[in-house]
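A.B. asks: Dumping the structure here so I can ask a few things about it.
See below:
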């Protein structure tokens, strides 16, 4: 097991970009954990005398990244926002992965009436426009960050279940599945040890694309007033809230949250790529 | 001849297929239409037939991957179809399988050592280190180097992979090994090696084989007894020698004539069987072989021939063979 892990690390190290992404992701997690201690500003306190101040490029070393439309320090909001945005992103991914994979495997592996039932529910959910669906779910459950996360996860679960099911359908017809069954392996054993490892590639691809979407969807829900309270710093909400000032030439209000989302999404995608490669024995040289 | 290990009686498997001219009615594809044979302890039974004649369906029934439509499979006197979970698990421990395609019958994500210990893990045999020890022993037995144990299947050639499959099948010390075309995906030179391995293992471990193949030369080399299948039925069974020296059923005769002779100067009686295998959806009345048989008469067109014993070890399903009194 030890050597297996070492081989994994060795292979992972070969992908320089993935290693870089790993450290960026790690840094973001640190910011999320320690963010509130890294700045003296209160991210919620407004100061109408200091609205839309530019940052260090205009020799404003007090508000390094400038202030937003209500005079709140942008750097402080970004640091605080890391906690919420990453929490939302990763939680949504975990919920979606867990439920989507289980539904997809059950549906594809057992087939028949169970498959029919799950897939029709998936069809129903997919028939709604995603944002509308999330809105309806939040409206039904009530507002709050947990409910918003759940709503976004529900929007993405059907897509993942579909992808997983499709892959399972190909994998389960392969002789090694029958071979395992014939030597006495149970269905649970087969699903966990033979089906799951062989469908992980498309699943990881889907999930790595989800982080950015989840952060932006939270912003959209917040913007519509059903997700997170707009005063709470959250990258997506900051991005969409700042877009009105773009026309006034106050670019920093949107650009910095945008860069943070970009870093989070890109690092996660590259990390996912690297992990997938390192896990896949066939790509090891 | 030893005692009967596995006996198959009137095994049938019909699959529904959508009918072309009826919206709600389905036709039945008769993949197996009454198969009878027995496997005796310590022998190698060769099951031979063209593609689509039901060889692989027989395999699926024998492993109880799917339930048959009708018929009975007895394993040491216990009906396979009425076994409860524990009995079935014990059965699956005693009957192991080697597949045709060594590329897709090994999970690409598993290391060789784990693939070989998997059956032991499924049946909860031994501790982790005992299992590894056993697997290494098996690798040596089938002619794989121990250093390869942490490699993945894609790093091996076809022949080596088939050796891995064999080691896997041997892990549980089975009684019977069902081999479904185990060499037809391999190069000819490798085929001989793997066949010899099968033979050698049989002697060393006292195994019983059901060897499914379409290749008569392979069957002749490995089998003690041969069963010839045509369109979901057994048409002739005999010892290998008898079958190749004195084939009784016209179909067996035609099959044997189709074996190419590796000698360009030899006069070759090029009498190829006319016609095609009838569709298993619309099987002909009477003997299934009659549309292609040059000796067929009226009786063959209307009456289904049963498997008749000609001698103690030789039986055939044909009206035109006279049973010696």
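Protein chains in written order, with my numbering: chain D, 1 to 285; chain S, 1 to 325. All C-beta atoms, glycine included, are put in the ideal place defined by N, C-alpha and C. All values reported here derive from a predicted model rather than from experimental measurement.
Which residue comes first and which comes last in the beta strand (DSSP E) that contains residue 31 of chain S?
C.D. replies: Residue 31 of chain S -> beta strand (DSSP E) spans 26–40.
A.B. asks: By DSSP, does residue 184 of chain S sit in helix, in strand, or in coil?
C.D. replies: Coil, per DSSP.
A.B. asks: Three Cβ pairs or more, each shorter than 8 Å: is that satisfied between the segment 164–172 of chain D and the segment 92–109 of chain D?
C.D. replies: These segments touch.
A.B. asks: Leaving out the 5 sequence neighbours to the left and right, which residues in its chain are closer than 6 Å to residue 1 of chain D when beta-carbon positions are compared?
C.D. replies: Any reading at residue 1 of chain D is ruled out, since the residue's pLDDT is 48, under 50, leaving its predicted position unreliable.
A.B. asks: Quick one: using the 10 Å Cβ neighbour count with 16 as the cut-off for buried, is residue 187 of chain S buried or exposed?
C.D. replies: Result: exposed.
A.B. asks: Kindly indicate if chain D contains any beta-carbon less than 8 Å away from that of residue 134 of chain S.
C.D. replies: Answer no: the Cβ-Cβ gap between residue 134 of chain S and chain D never drops below 8 Å.
A.B. asks: What are the complete beta strand (DSSP E) segments, minimum 3 residues, inside the segment 99–137 of chain D?
C.D. replies: With a minimum length of 3 residues, no continuous beta strand (DSSP E) run stays inside the segment 99–137 of chain D.
A.B. asks: Short of 7 Å Cβ to Cβ, which residues in the segment 58–72 of chain S face chain D?
C.D. replies: From the segment 58–72 of chain S, only 63 and 65 have a Cβ closer than 7 Å to chain D.
A.B. asks: Identify, in the order they occur along the chain, each residue of the same chain with its Cβ nearer than 6 Å to the Cβ of residue 125 of chain D, setting aside the five sequence neighbours on each side.
C.D. replies: Here the set comprises 158.
A.B. asks: Compare the Cα-Cα distances from residue 150 of chain D to each of D:255, D:89, D:19 and D:241 and report the closest residue.
C.D. replies: That would be D:89, whose Cα lies nearest to the Cα of residue 150 of chain D.
A.B. asks: Name the residue from D:216, D:46 and D:218 whose alpha carbon lies nearest to the alpha carbon of residue 74 of chain D.
C.D. replies: Per the Cα distances, D:46.
A.B. asks: Which residue marks the beginning of the alpha helix (DSSP H) containing residue 16 of chain S, and which one marks its end?
C.D. replies: No alpha helix (DSSP H) contains residue 16 of chain S, which is instead part of the beta strand (DSSP E) from 4–18.
A.B. asks: Distance check for residue 179 of chain D and residue 173 of chain D, CA to CA, integer angstroms please.
C.D. replies: Their backbone Cα atoms lie some 11 Å apart in a straight line.
A.B. asks: At a cut of 8 Å, does the segment 213–220 of chain D reach the segment 234–241 of chain D through at least three beta carbon pairs?
C.D. replies: Output reads yes: the segment 234–241 of chain D touches the segment 213–220 of chain D.
A.B. asks: Would you please state the rounded distance, in angstroms, between the beta carbons of residue 333 of chain D and residue 53 of chain D? I believe it to be under 8 Å.
C.D. replies: Any question about residue 333 of chain D goes unanswered here, given that chain D covers just 1 to 285.
A.B. asks: Any C-beta of chain D within less than 7 Å: which residues of the segment 86–112 of chain S qualify?
C.D. replies: Per Cβ criterion, the list reads 89, 92, 93, 96, 97, 99, 101, 104, 105, 106, 107, 108 and 109.
A.B. asks: So, with DSSP's three-state summary, where would you put residue 67 of chain D?
C.D. replies: Residue 67 of chain D falls in the strand class under three-state DSSP.
A.B. asks: Can you grab the Cα-Cα spacing for the pair residue 141 of chain S / residue 118 of chain D, in whole Å?
C.D. replies: Computed Cα separation, rounded: 47 Å.
A.B. asks: Rounded to whole angstroms, what is the Cα-Cα separation between residue 323 of chain D and residue 34 of chain D?
C.D. replies: Here chain D covers residues 1 to 285 and nothing more, so residue 323 of chain D does not appear.
A.B. asks: If the cut is a Cβ gap below 9 Å, which residues of chain D does residue 122 of chain S touch?
C.D. replies: Neighbours of residue 122 of chain S on chain D, chain order: 180, 183, 184, 185, 186 and 189.
A.B. asks: Determine the direct distance from the alpha carbon of residue 255 of chain D to that of residue 185 of chain D, and round the result to whole angstroms.
C.D. replies: If I take the Cα positions, the gap works out to 55 Å.
A.B. asks: Can you find a C-beta in chain D that's less than 8 Å from the C-beta of residue 13 of chain S?
C.D. replies: Not closer than 8 Å to any Cβ of chain D, the Cβ of residue 13 of chain S fails to qualify, so no.
A.B. asks: Excluding the 5 residues flanking residue 45 of chain S on each side, which residues of the same chain have their C-beta closer than 6 Å to its C-beta?
C.D. replies: Once the five neighbours on either side are set aside, the close Cβ partners of residue 45 of chain S are 39, 210 and 225.
A.B. asks: Go through its chain and collect everything with a Cβ distance to residue 176 of chain D's Cβ below 7 Å, but skip five positions before and after it.
C.D. replies: Hits under 7 Å: 194.
A.B. asks: Sorted by chain position, which residues of the same chain lie with C-beta nearer than 7 Å to residue 285 of chain S's C-beta, five sequence neighbours on each side aside?
C.D. replies: Same-chain partners within the cutoff: 301 and 302.
A.B. asks: Here's the rule I'm using: 16 or more other beta-carbon atoms within 10 Å means buried, otherwise exposed. How should residue 259 of chain D be labelled?
C.D. replies: With fewer than 16 other Cβ atoms within 10 Å, it is exposed.
A.B. asks: Just to confirm the assignment: which complete beta strand (DSSP E) runs, minimum length 3, are found wholly within the segment 290–322 of chain S?
C.D. replies: You should have 308–311 and 314–316.
A.B. asks: May I have the straight-line CA-CA distance separating residue 95 of chain S from residue 7 of chain D, to the nearest angstrom?
C.D. replies: So the alpha carbons of these two residues sit roughly 36 Å apart.
A.B. asks: By how many angstroms is the C-alpha of residue 61 of chain D removed from the C-alpha of residue 241 of chain D?
C.D. replies: Roughly 24 Å between the two C-alpha positions.
A.B. asks: What's the call for residue 135 of chain D, buried or exposed, on a 16-neighbour Cβ count within 10 Å?
C.D. replies: That one is buried.
A.B. asks: Between the alpha carbons of residue 138 of chain D and residue 29 of chain S, how many angstroms are there, rounded?
C.D. replies: Going by the C-alpha atoms only, they are around 52 Å apart.
A.B. asks: Please state the DSSP three-state secondary structure of residue 173 of chain D.
C.D. replies: Note: residue 173 of chain D maps to coil in three-state DSSP.
A.B. asks: Just grab the DSSP bridge partners of residue 47 of chain S for me.
C.D. replies: Its beta-bridge partners are S:212 and S:227.
A.B. asks: Using the three-state DSSP reduction, which class does residue 183 of chain D fall into: helix, strand or coil?
C.D. replies: It is coil, neither helix nor strand.
A.B. asks: Taking C-beta to C-beta, are residue 203 of chain D and residue 164 of chain D nearer than 8 Å?
C.D. replies: Yes.
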